[in-house]
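Visitor: Below you will find the structure I want to go over with you.
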Amino acid sequence: MKMFKKSSIPQLDLETASRILEHAFEANQMETNTIPLDVLVSYSNYRRERFTLQRTVLVVIMTLFLLLPLLFIPSSFTVEQIDTDTPYNPVFRLEVDSFMLVERVSASIDGSNIPVYETDAHVYSIEPTKNGQMAVTVTLVNKQTRTEYIDVTAVDREVPVVTSCTRDDDHIYLYLSDWDSGVDFPAIQAVSLSGATVIPDSMDPVSGCVIFTGVTESLNVFVPDLAGNKLQIVLTIH
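Okay, structure coming up:
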């Protein structure tokens with residue numbers, strides 16, 4: 020198989036080209052050129068290089084002019100709470116509505132950083148760990164930022180608390196409260212030192228009172244709330 024190469028244009032040296040130019044002037048009965056050919060060639064090269072530089076600068080300026088609007092494109096996003104297994108550990112879905120690359124997504128409540136996870140391209144998951152006003156900020160690669168504020172009210176990471184505990188001859192009165200999800204009264208139970216399970220004799224969710232009757236030895240009492248947080252206390256019987 021024959022390979023065809025593109026023929027190159029023969030190049031003349033300056034001396035030969037100068038003689039040809041002189042003969043051309045003589046043949047046409049014109050005045051001989053007084054400017055050396057090498058000067059003309061140098062000037063031509065200078066003009067060509069200058070034109071190339073000007074064209075490059077013009078292309079750069081036009082490119083920057085066309086890209087200028089991109090530098091001011093603001094970040095746009097939506098945040099919505101999604102359904103989870105428990106309403107007391109809310110999860111928010113953030114989706115960035117922009118073709119620009121995302122540089123950073125951050126969230127905080129009262130100055131405390133909140134975990135943010137990237138789940139897909141331009142999609143993030145936010146899992147607040149406390150209640151309060153959550154500030155969500157999205158920063159694009161063009162340094163344009165936007166912040167939205169979302170009220171978080173359903174988080175419950177705190178165990179129930181004992182407000183008071185009293186005792187008479189045959190009863191122990193344990194008063195409990197939980198300001199978030201509420202105490203799970205039916206799930207309260209205790210274990211004695213001998214390993215026996217002790218169920219409260221009665222309970223009143225309105226007052227928060229749990230009553231143990233006929234207790235003769237110390238108890239480990241387990242008090243869960245509706246979010247799954249569990250308080251463990253020891254009731255010592257002397």
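For any residue, its number in our numbering is found by taking its place in the sequence shown, counting from 1, and adding 19.
Idealized CB from N, CA, C, for every residue including glycine.
Give me the DSSP bridge partner(s) of Met119.
Guide: Bridge partners of Met119: none, in fact.
Visitor: Assign Ala126 to buried or exposed, taking buried as 16 or more other Cβ atoms, counted over all protein chains shown, within 10 Å of its Cβ.
Guide: By the 10 Å Cβ count, Ala126 comes out buried.
Visitor: Enumerate in chain order the residues of its own chain whose CB-to-CB distance from Val160 is below 7 Å, with the five nearest sequence positions on each side excluded.
Guide: Met119, Leu120, Glu122
Visitor: Which residues bound the beta strand (DSSP E) around His141?
Guide: Careful: His141 lies outside any beta strand (DSSP E) and carries neither H nor E.
Visitor: Leaving out five residues on either side along the sequence, give the residues of the same chain with a beta carbon under 6 Å from the beta carbon of Ala246.
Guide: Excluding positions up to five away in sequence, the list reads Tyr107, Asp175, Ser200.
Visitor: For the beta strand (DSSP E) that Ser196 lies in, which residues bound it at each end?
Guide: 190-196
Visitor: Any idea if Asp244 is buried or exposed, counting beta-carbon neighbours within 10 angstroms, 16 or more meaning buried?
Guide: buried
Visitor: So, under 8 Å CB-CB, Glu236 and Ser211 are touching, yes? Tell me the CB distance rounded to an integer number of Å.
Guide: 5 Å
Visitor: Can you tell me which of the three DSSP states Met20 falls into?
Guide: With a pLDDT of 49 at Met20, under the threshold of 50, the predicted position of this residue should be treated as unreliable, and no value is reported.
Visitor: Can you tell me which of the three DSSP states Pro106 falls into?
Guide: coil
Visitor: Evaluate Phe111 with the Cβ neighbour count: other Cβ atoms within 10 Å of its Cβ, from every protein chain shown; 16 or more gives buried, anything less gives exposed.
Guide: buried
Visitor: Just reading off the beta strand (DSSP E) that Asp170 is part of, what are its end residues?
Guide: 164-171
Visitor: Mind reading off the beta-carbon distance from Pro179 to Val202? Whole number of angstroms is fine, and I expect it under 8 Å.
Guide: 5 Å
Visitor: Inspect the beta-carbon positions of Val115 and Ser95 and report whether they are closer than 9 Å.
Guide: yes
Visitor: If you run the structure through DSSP and keep just helix, strand and coil, what is Val253?
Guide: Three-state result, Val253: strand.
Visitor: With DSSP as the reference, label Ile207 as helix, strand or coil.
Guide: Note: Ile207 maps to coil in three-state DSSP.
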